[in-house]
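One structure is given here, and the rest of the page talks about it.
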Amino acid sequence: MAHKIRPENAILEITDDVVIHYICQDGNFLTERDLDGGELLPPEEVGTAKTGTAAAYIVQGEGQRAIYCIAEGDEHVEEINILQDFEFNDGDGVWEPGQLSELGIEVLSGTKLAAMQVEENSSLVISQASSGVIQAVHRESRDAPWQPDNGLPPTQPLPGAMIHAARVDDRVVVLYAHQDYSIHELSLVDGQWTGR
């Protein structure tokens, strides 16, 4: 049986063809380590995030990757949890801060995150708002601005509920743990959200 090499401080992993990308956290510092051909490569600096952050990672084609997490507060706004992103610049081979934090999207402390590529270049990030409801932000392309998705039906997730997003046929499905201790579903079809 092959031994899987995983850094002890990994908070997230995703496989891109044959490479496994690990997002690691030491304190508030994020790095990426790749496992390629059985060799764990040295860490690459990503940026800073809240200690113990939730994180989501998507691969958007050749060399296009993004990480979504919670921004590190400062001494004045430590209690506020803001969504942020980092994008891999394939040309320079470095991670750079994205523009998601400019929206100031507040999330619940302990939120989980889900992210996915909806179409060829469009992205969707799902989280739990500071009010506790499920919220979404999206953008149509890597160069387009992020926009809050205000069309979600009312939700009542458990605080810190697991959130999962996937593409099923022609729709995006978001599953989350509801306060009634069952799994509830949100669906996005042709730009319209429905819930059940």
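Heads up, the sequence shown is in numbering that gives the first Met the number 0, so the first residue is 0 and it goes up one at a time.
Don't be surprised by glycine CBs; every beta carbon is placed ideally from N, CA and C.
In the structure shown, the three-state DSSP call for S140 is coil. N120 has no beta-bridge partner at all, per DSSP. By the neighbour-count definition (other C-beta atoms within 10 Å, threshold 16), L82 is a buried residue. Between the C-alpha atoms of R166 and Y180 there is a straight-line separation of about 24 Å.
Within the DSSP secondary-structure output, I104 pairs in no beta bridge.
With a contact defined as Cβ atoms closer than 8 Å, L112 and I133 miss out at about 11 Å. Taking C-beta separations shorter than 8 Å and ignoring five residues to either side along the sequence, the partners of V18 in its chain run D33, L34, D35, following chain order. Taking the Cα of Q191 as reference, the smallest distance to any Cα among V172, H183, H177 is reached at V172. For R64, the beta-bridge partners assigned by DSSP are V58. For E38, the closest of A65, A9, I4, A53 by C-alpha to C-alpha distance is I4. Between the alpha carbons of P96 and D168 lies a gap of roughly 32 Å. Between the alpha carbons of Y56 and S140 lies a gap of roughly 16 Å.
For G46, the enclosing beta strand (DSSP E) has its first and last residue at 43 to 47.
Counting only residues of its own chain and dropping the five nearest sequence neighbours on each side, L151 has a CB closer than 8 Å to the CB of V132, I133, Q134, A135, L185, W192, G194. Contact between Q178 and Q155 is confirmed by a C-beta separation of about 5 Å, below the 8 Å threshold. The Cβ atoms of I66 and E105 do not sit closer than 8 Å to each other.
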